[in-house]
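*Asks:* For the sequence shown, the positions run -20 to -1, 1 to 146 when mature numbering (1 follows the signal peptide of the UniProt record, and there is no 0) is used. Heads up, the beta-carbon is just placed ideally off N, CA and C, and yes, glycines get one too. First the structure, which I've put down as structure tokens, then a few questions once you've had a look.
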Amino acid sequence: MKKIITLGLLLTAFLGNAQAFSGKGDDKFQVGANFQDRATGIMATYDHGIGENMSIGLYTTYLLDTSNYSNTTFDSKFEDRFDVKARFSANIGNVMGLPEQVDIYPGLNLGLRNFGGHLGARYFFTNGFGVFTELNVPIAKYDNDVIGYEHLNNQFTVSLGASFNL
């Protein structure tokens, strides 16, 4: 019984210290899996707090499996699979009255292929480690006639992964 109580107190201490977004100067790194129509990949983000509820950062993705996408005999090139975006997020977990371990962050992206938006949520188990999910959607594509592999980085995506405080 003592071991269970001790374990419970330790877990409470870790969860009590976790903070999802602390404002100006807060640095977050996230890495995870990217899922979209007929392609999967890996993604990473870096966000830096510039205000109480604002952050700027970078988002990058690399699609690993595009074999289900092509209707030709040619494989996609590196530049077809890779994308990078600058991003702005409004970290509104505390505005919504959520526990300090939770952050909701809608925002805008400006990338190599499009202008878009994102909506993410993260939950921190400890002060340094948490999990996240993020939805990305293109708002304005640079090329209105997106065909073939150009469609890979111009569609709705879902990402899941780990979040770290730096």
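Nearest-angstrom Cα distance between Asn109 and Leu90?
*Replies:* For this step, residue 109 is matched to residue 129 along the sequence shown. For this step, residue 90 is matched to residue 110 along the sequence shown. The sequence shown places Phe at residue 109, rather than the Asn named in the question. Going by the C-alpha atoms only, they are around 27 Å apart.
*Asks:* Between Leu38 and Val64, which are expected to be in contact by the criterion C-beta below 8 Å, what is the C-beta distance as a whole number of angstroms?
*Replies:* Residue mapping note: residue 38 aligns to position 58 of the sequence shown, counting from 1. Residue mapping note: residue 64 aligns to position 84 of the sequence shown, counting from 1. Going by Cβ atoms, the distance from Leu38 to Val64 rounds to 7 Å, so yes, they are a contact pair.
*Asks:* Specify, as a first and last residue, the run of the alpha helix (DSSP H) that Arg61 falls within.
*Replies:* By one-based count along the sequence shown, residue 61 stands at place 81. Phe58 to Arg61 is the span of the alpha helix (DSSP H), which, as asked, contains Arg61.
*Asks:* Taking Arg18 as part of the beta strand (DSSP E), name the residues at either end of that continuous run.
*Replies:* Sequence index remark: in the sequence shown, residue 18 carries index 38 (1-based). From DSSP, Arg18 is part of no beta strand (DSSP E); its letter is neither H nor E.
*Asks:* Who does Ile36 pair with in a DSSP beta bridge?
*Replies:* Residue numbering aside, residue 36 sits at position 56 when the sequence shown is read from its first letter. Its beta-bridge partners are His28 and Phe68.
*Asks:* Please go through the same chain and pick out, in chain order, the residues whose beta-carbon is closer than 8 Å to the beta-carbon of Asn94, but skip the five residues on each side of it.
*Replies:* In the sequence shown, the residue the question calls residue 94 occupies position 114. For Asn94, where only same-chain residues beyond five positions count, the Cβ hits under 8 Å are Pro118, Ile119, Ala120, Lys121, Tyr122, Asn133 and Asn134.
*Asks:* Near Arg67, what residues of its chain come up, given a Cβ to Cβ distance below 8 Å and the 5 sequence neighbours on each side ignored?
*Replies:* Stepping through the sequence shown from its first residue, residue 67 is reached at position 87. Correct list, in chain order: Thr25, Asp27, Ile36, Gly37, Leu38, Tyr39, Gly87, Leu88, Asn89, Leu90 and His98.
*Asks:* Identify whether Thr53 lies in helix, strand or coil by the three-state DSSP scheme.
*Replies:* Taking the first residue of the sequence shown as position 1, residue 53 is located at position 73. With a pLDDT of 43 at Thr53, under the threshold of 50, the predicted position of this residue should be treated as unreliable, though the coordinate-derived value follows. Looking at Thr53 - three-state DSSP - the assignment turns out to be coil, as it is neither helix nor strand.
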